[in-house]
Amino acid sequence: IGVPFERKGRRSGKTNYSYAQMFKFAYDGIVSFSNRPLHLATYAGFLISLTAFAVIIYSVYQKYWNNNTVQGWTSIMLSVLFLGGVQLICLGIIGEYIGRILDNVKDRPNYVIKESNLED
C-alpha cells in the first residue's frame, strides 16, 4: 500500500553518504522491520530441494528405463544439491524462530492510542 506524496528537491546539496553506507542503510531498513528475507531463505530451500528431487527422478528414469546413463558425477552432485536445499530449509526455519523471538523482545505495543475521549 503506497502513500502518494510530492517529493521536493534536496536543499542541502549532495549527500555525504557513500554507496556502501547507503546500501547498509537500506539493508538495515529491510532486515530491521521485516521477516521477509527469512521467508525467502525457506522458499529457496524448498525450491532447490524440489529441483534436485525432480532431477533425481529424471536420472533414475534415464538409467533404468532408457538404459541411458547421465554422464558425470550425477549422484554426488544431486546429493549435495538436495542436502544443501534441506539445510537451507532448516536454516530458514531457525531464522523464523529467531525473527519471532526478536519481534517479542522488541516490546513494541500492539497498538497506539492517538486520541481518547475518556476523562482522567
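In terms of the working numbering, the numbers along the sequence shown are unbroken and rise by one, the last being 123. Ideal Cβ positions, reconstructed from N, Cα and C, are used throughout, including at glycine. A quick note: this is a predicted structure, and the numbers were derived from the prediction, not measured.
inquiry  = I'd like the list of long-range same chain contacts for G98, defined as Cβ closer than 7 Å, with 5 residues on each side in sequence excluded.
reply    = Locating residue 98 in the sequence shown gives position 95, counting from the first residue. Excluding residues within five positions, the ones whose Cβ falls inside 7 Å are L41 and A44.
inquiry  = Let me check understanding here. Comparing Cα to Cα, which of S37, Q65 and R14 lies closest to I101?
reply    = Working through the sequence shown from its first residue, we reach residue 101 at position 98. The shortest C-alpha separation from I101 is found at S37.
request  = Please check the pair F85 and F56, which I expect to be a contact at CB under 8 Å, by giving their CB distance rounded to whole angstroms.
outcome  = As a first step, residue 85 is located in the sequence shown; it is residue number 82 there, counting from the start. As a first step, residue 56 is located in the sequence shown; it is residue number 53 there, counting from the start. Between F85 and F56 a beta carbon distance of about 6 Å is seen, short of the 8 Å cut, so the two are scored as contacting.
task = State the start and end residues of the unbroken alpha helix (DSSP H) segment that holds V89.
result = On the sequence shown, residue 89 is found 86 positions in, with the first residue counted as 1. That run of the alpha helix (DSSP H) goes T77 to V108.
query = If we count the other Cβ atoms within 10 Å of its Cβ and call it buried at 16 or more, is G16 buried or exposed?
reply = On the sequence shown, position 13 is the one that residue 16 refers to. Under the 10 Å beta carbon count, G16 is surrounded by fewer than 16 other beta carbons and is classified as exposed.
request  = Whole angstroms is fine: what's the gap from T77's alpha carbon to D31's?
outcome  = Residue 77 sits at position 74 when you count from the first residue of the sequence shown. Residue 31 sits at position 28 when you count from the first residue of the sequence shown. The straight-line gap from Cα to Cα measures roughly 40 Å.
7 Å CB neighbourhood of G95 in its chain, flanking five on each side removed = Your numbering for residue 95 matches position 92 in the sequence shown. Excluding sequence neighbours, G95 sits near L41, A44, T45 and G48.
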